[in-house]
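Notes follow once the structure below has been shown.
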Ligand code: BYC
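Numbering (this note's numbering), first residue to last: 1 to 312.
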């Protein structure tokens, strides 16, 4: 029996083999990966902005060093991911232009403002915590370059998560009244945008069936969101914080925390570009791109000169 290329490809995935850059793959698999990895890379880069704003205002040298290291790590994650996407035949320039033109998506959570210092800790605990949930799954995905990037990224994100949690636990349990109030205010603002990070409900998630079929995702948006809620709620409550969800309750029968409905209108508004800071985030990236023009020109000039010297 002669197997089609597609059947051979699916059999490889079924056997748990990794698909590598030069291997045959269906066009839809390649396109799905470019979509997802490029969005992921943009999220890392735009995700530097909310916390980066606080670097000059860190309350101690120690906190400043930790935050600078974290924000630099996010830039590195963007680099690994852009390279992983490039292995599928798209250029860095094409991806960057799509972001700067407002055509590319990135995680909606980064369109919310960081209003107080506690937001830095809360992002580490909640946003990096949610990202790790999702990325630990993606570390097992069928595309080799993406899965290997995820292994490295997850180990760095674990440090991000720990520094955020350590900060919040300290302020919530040993802090001044003002620090405790900042932490509660921060949780009130970041809880729901964090739950939105996992994407729409499974019934609305148009990409999930194909991603699961090809071993890119091994869990659905709702499954990962529920795991995150089950792990995070008791820890936040244990340090005296109140979750901003009147419908939140523990269900003995299922062993899960039941939570209220996400405001999906808000989610889609932010995804489509109309969130609190979408315009500001894009402007920051556009300015950074324009400010870096001389570096690109110098690098291109250097490469040209090298080629001339080889030709001589
Ligand atoms: N925000 O069919 P669905 C970090 C879009 S950064 C915006 O469920 P899928 C960090 C979705 O793209 C790490 N858009 O999609 C950095 C799709 O639109 P298109 C961030 C969203 O792909 C700095 C449409 O909605 N992590 O850790 O099956 C500081 C329908 O959705 C969102 C990643 O990027 C959203 N939240 O599932 C601190 C993980 N949700 O493309 C921390 C990689 C959905 O069809 N990405 N959309 O036009 C993924 O795992 C998946 O793509 C998602 C969505 C779970 C996000």
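Even for Gly, the Cβ is constructed at its ideal location relative to N, Cα and C. In this text, all values refer to a predicted model and were calculated from it rather than measured experimentally.
For residue 55, which residues in the same chain have their Cβ closer than 8 Å to its Cβ, ignoring the five residues on either side in sequence? 64, 67, 68 and 71
Looking only at C-alpha atoms, which of 198, 213 and 245 sits nearest to residue 228? 198
Going by beta-carbon coordinates alone, are residue 102 and residue 273 separated by less than 8 Å? For residue 102 and residue 273, yes; Cβs fall inside 8 Å.
May I ask which residues mark the beginning and end of the beta strand (DSSP E) holding residue 257? 256–258
Does the beta carbon of residue 305 fall short of 7 Å from some heavy atom of the ligand BYC? no
In the segment 125–176, which residue ranges form an unbroken alpha helix (DSSP H) of at least 4 residues, counting only runs that do not cross its ends? 128–138 and 144–174
Three or more C-beta pairs below 8 Å linking the segment 117–134 and the segment 207–216: no
Counting C-beta neighbours from all protein chains within 10 Å, is the total for residue 44 16 or more, i.e. buried, or is it exposed? Residue 44 comes out buried.
If you reduce the DSSP assignment to three classes, tell me which class residue 239 lands in. coil
For residue 199, verify whether its CB is less than 7 Å away from any heavy atom of the ligand BYC. yes
Sorry if obvious, but does the Cβ on residue 226 come closer than 7 Å to a heavy atom of the ligand COA? As presented, the structure is devoid of the ligand COA, carrying the ligand BYC as its sole ligands.
I believe residue 117 touches residue 182 by the beta-carbon criterion, under 8 Å. Please report the beta-carbon distance rounded to the nearest angstrom. 7 Å
What's the C-alpha gap between residue 219 and residue 287? 37 Å
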